[in-house]
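These notes are about the structure you will find just below.
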Amino acid sequence: MRLFEFEAKAFFGSNGIPIPRGKVVETPNEAREVVESLRKPVMLKAQVLAGMRGKAGGIKLAHNHVEAEELSKKLLGTDICGCKVTKLLVEEYLDVDRELYLSVTFDSSKGKPVVIASPEGGIEIEEIAFKSPEKLIHTYVDAFTGLELSGAQEIIKKMGLTGDLLLKVSQTLWTLYKVFEKYDAVIAEINPLIITKNQEVSAAGAVLNLDDDALYRHPEVAVKPEERIEDPIELKAWKLGIPYVRLDGDIGTIGSGAGLAIATVDLVKYYGGRAANFLDTGGRITQEHLENALEIVTMNPNVRAVLINMYGGINPIVEGAQGIVKFIREKKLRIPVVVKVRGNFEDEAWKILEEAGVDVVKATQTELAAQRIVQLAQMEEKR
Amino acid sequence: MTILVNENTRAIIQGITGRIGSVQTRLMLNYGTRVVAGVTPGKGGQTVEGVPVYNTVKEALREHSADSSIIFVPATFAKDAAFEAINAGLKLLVIITEHIPVHDTMKIKAMAERHGVTVLGPNTPGIISPGKTKLGIMPGNLYMPGQVGITARSATLSYEIAGNLTEAGIGQTTCLGIGGDMVTGVTFIDVLKLFEADQDTKAIVMVGEIGRTVEEEAAEFIKEHVSKPVVAFIGGRHAPLGKRMGHAGAIIEHGRGTAETKVAALREAGVEVIECPMEVVSAIRDVFKRGSA
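Those sequence lines, one after another, are chains V and B. To get this note's numbering, take the position in the first sequence, counting from 1, and add 13. To get this note's numbering, take the position in the second sequence, counting from 1, and add 794.
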């Protein structure tokens, strides 16, 4: 789950990472009030869940309360990187001496936490990573022992910092690692970490993405999915715990496993059709789960036909077949549905589907099912 | 020969009394797997499909000898179940459970490395040596004994590849899933090493997908260390890119992780990359034809 910048900063701040003074606001009036109480120039930062926000005009400098009110009027309600701006973070402007980069994430190949630190931070960090990778210091961490303060110091020393600054930045990195562990983060990032002209450190940019699979053990994190997911179908799917991505085609797809679901989308395209979505049931098929999956897929008004691709490995495909039949009957679904199903208890699943008049593909090859659904969707289009 | 398991492999099942664990136990027994015991805390003394159930792995191992465990325990308790199996001395873990928090998986991996334990998964279908044994959830009817080794990230996509080969009369030595999660125990390189060393495996099929960089790393490894022909399928060639937050992921992936980079890296390493799963049949036939010519 992606947190908004202001949420990430609240977690960073409450754990001891220095953050700029500021407040999140929803109206230009509130923005003016923040400036009046800070008595300083401020940065206005659109709270959207997208990268490259600064380059898209989502960050503005306001020298006084009048400017803050005017600029807030312009920013609120606009679209930044495809996300509607409803909240602004109003923060004190800092006199920058230099900008650093610190992050903790995991390396999926090594299966370990990794700290990345760079003496040059800011919005060009990815370019720096490509052009001068030697500037980025990668340090792998044992998931058991974590990062000790002395380990953090060794990393920061490599960045060329000394004295008081070495201690402050090391402390910040050490705390960042604690935050990464404590909240089951997949990314905890400070970019930039600002060193001010007074040699104070401040996490001016913050990213904290949490592991969806671990949210259950973090009741302190308010999930509020409606604030994070704009598409109503994706929102419903998220609430039901079903991985779903809306696409721009007209063939609904359901796969019993992420790889199979992805390959199903690919094969629909390969045979000249376009998938309306990606949906993965995972190993959780029940009658109800399949009904929910079909409901989500058919919520998209562009859907002209649905292809369901299931294997009976861990999944009870007989229950899945019952769910499909129940949904088609109860909702009086009129669009064509093709079900390709194989695996344990396949005979029983085929029988249930065929007796209900559902178009069944008994072959292993998803290619055959994809060709069939593309034909059916094209026939629907001509109607 | 097979890799990692054979007809003598003796397995326990953790989470044997659950809805899925009990059905899968029956399917494994029917396939011929030597399931010697099951473990579910608080259910010791029961039996599932004739298999005795114990409260702990250690109790089970006092009564039975075993070398591996298949874990169906719910995600919340999966890390502890894995630690228990490792501490009890088992050397192969097959973690079927999905949705284990990634921090837990990293700890399982670190613990397994310390104890020299091989971990398949999490979120793996397991491992099958057709006609001999299966430690996992794959439908046995899609497999037959033969000379092709299969390794995959996605469970169901590996069934599709195996099913295609079996229907065409092309059997397999061993098929195993490394797991569909972002962090897994073994990765493709580990499996390629084993298949390269296995005399009976004459060709390897690798089934990858978008995300992670294990395919790119496998390509580097194949160039230097794999003499056997490799055929690959990559899922997700038409998948849209997700919105990305933060730069750390991009820095780690370093421009890799897309279908294009995977396909390019594999082709450069001499791997035959197929466009559709069913092309695996003609690709393997070509490989065998070339081999016998």
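Where is the CB? At the ideal position from N, CA and C, for every residue including glycine. Quantities reported herein were computed from a predicted structural model and do not represent experimental measurements.
{"Check": "From the DSSP output, which residues share a beta bridge with V:E112?", "Outcome": "V:I207"}
{"Check": "Is it right to say V:F17 is buried, meaning 16 or more other beta carbons lie within 10 angstroms of its own, or is it exposed?", "Outcome": "buried"}
{"Check": "Residues of chain B with CB under 8 Å from V:G356, in chain order?", "Outcome": "P933, N935, L936, Y953"}
{"Check": "Just the chain V side, please: which residues come within less than 8 Å of B:V896 by C-beta, in chain order?", "Outcome": "F119, D197, V199, D224, D226, A227"}
{"Check": "8 Å is my cut-off, CB to CB: does V:Y257 come that close to chain B?", "Outcome": "no"}
{"Check": "What does the alpha-carbon distance come out to for the pair V:E104 and V:V117?", "Outcome": "24 Å"}
{"Check": "Would V:V128 and V:I168 be called neighbours here (beta carbons separated by less than 8 Å)?", "Outcome": "yes"}
{"Check": "Would you report the Cα separation of B:V1007 and B:V1025, rounded to the nearest angstrom?", "Outcome": "With the sequence shown as reference, residue 1007 of chain B is identified as Thr, and Val is not the correct amino acid for it. So the alpha carbons of these two residues sit roughly 18 Å apart."}
{"Check": "So, for V:M172: in the same chain, excluding its five sequence neighbours on each side, which residues have a beta-carbon less than 8 Å away from its beta-carbon?", "Outcome": "L113, A130, S131, P132, I150, V182"}
{"Check": "What residue from B:H858, B:A949, B:M938 has the CA that sits closest to B:A882's CA?", "Outcome": "B:H858"}
{"Check": "Expressed to the nearest angstrom, what Euclidean distance is found between the alpha-carbon atoms of B:L884 and V:L88?", "Outcome": "59 Å"}
{"Check": "Starting from V:A271, find everything on chain B with Cβ-Cβ shorter than 8 Å and list it in chain order.", "Outcome": "S948, G974, E1003"}
{"Check": "Considering only residues of the same chain and omitting the five flanking positions on each side of V:V199, which have a CB-CB separation below 6 Å?", "Outcome": "N222, D224"}
{"Check": "Please identify, using Cβ separations under 8 Å, the residues of the stretch 236-270 of chain V that lie next to chain B, in order along the chain.", "Outcome": "V258, L260, G268, S269, G270"}
{"Check": "With DSSP as the reference, label V:M172 as helix, strand or coil.", "Outcome": "coil"}
{"Check": "Answer yes if the stretch 374-390 of chain V comes into contact with the stretch 348-361 of chain V, meaning at least three C-beta pairs across the two stretches below 8 Å, and no otherwise.", "Outcome": "yes"}
{"Check": "Using only CA atoms, which one of V:E359, V:G286, V:L320 lies nearest to V:E394?", "Outcome": "V:G286"}
{"Check": "Determine the direct distance from the alpha carbon of B:V842 to that of B:T1055, and round the result to whole angstroms.", "Outcome": "47 Å"}
{"Check": "Does DSSP classify V:G35 as helix, strand or coil?", "Outcome": "strand"}
{"Check": "Among the candidates V:G262, V:G70, V:V373, V:P33, whose CA atom is the shortest distance from the CA of V:T311?", "Outcome": "V:G262"}
{"Check": "Between V:I365 and chain B, is there a C-beta pair that is closer than 8 Å?", "Outcome": "no"}
{"Check": "Mind listing which residues of the stretch 56-86 of chain V have their C-beta closer than 7 Å to chain B's C-betas, in chain order?", "Outcome": "L62, A63, G64"}
{"Check": "Look at V:A274 and V:D293 and say whether their C-beta atoms are less than 8 Å apart.", "Outcome": "yes"}
{"Check": "Identify each residue in the stretch 128-139 of chain V for which the Cβ-Cβ distance to at least one residue of chain B is less than 7 Å, and report them in chain order.", "Outcome": "I129, I138, E139"}
{"Check": "Count the other CB atoms, across all protein chains shown, that sit within 10 Å of the CB of B:L887; report buried if there are 16 or more and exposed otherwise.", "Outcome": "buried"}
{"Check": "Helix, strand or coil: how does DSSP classify V:K97 here?", "Outcome": "strand"}
{"Check": "Compute the Euclidean distance between the alpha carbons of V:G268 and B:P924, then round it to the nearest angstrom.", "Outcome": "25 Å"}
{"Check": "Going by other Cβ atoms of all chains shown within 10 Å of its Cβ, with 16 needed for buried, is V:A235 buried or exposed?", "Outcome": "exposed"}
{"Check": "Does B:L887 come out as helix, strand or coil in the three-state DSSP assignment?", "Outcome": "strand"}
{"Check": "Please confirm whether B:I810 and B:G832 have their CB atoms less than 8 Å apart.", "Outcome": "yes"}
{"Check": "Say whether chain B places a C-beta atom closer than 8 Å to the C-beta of V:I337.", "Outcome": "no"}
{"Check": "Can you tell me which residues form a DSSP beta bridge with B:Q966?", "Outcome": "B:V942"}
{"Check": "Along the alpha helix (DSSP H) that carries V:Y284, what are the first and last residues, could you check?", "Outcome": "Here V:Y284 belongs to no alpha helix (DSSP H), and DSSP marks it neither H nor E."}
{"Check": "Can you list, in chain order, the residues of its chain whose CB lies under 8 Å from that of V:K339, leaving out five sequence neighbours each side?", "Outcome": "Q300, E304"}
{"Check": "Comparing the C-beta of V:E194 with each C-beta of chain B, is any distance below 8 Å?", "Outcome": "yes"}
{"Check": "Determine which residues share a DSSP beta bridge with B:G1005 and list them.", "Outcome": "None; B:G1005 has no bridge partner."}
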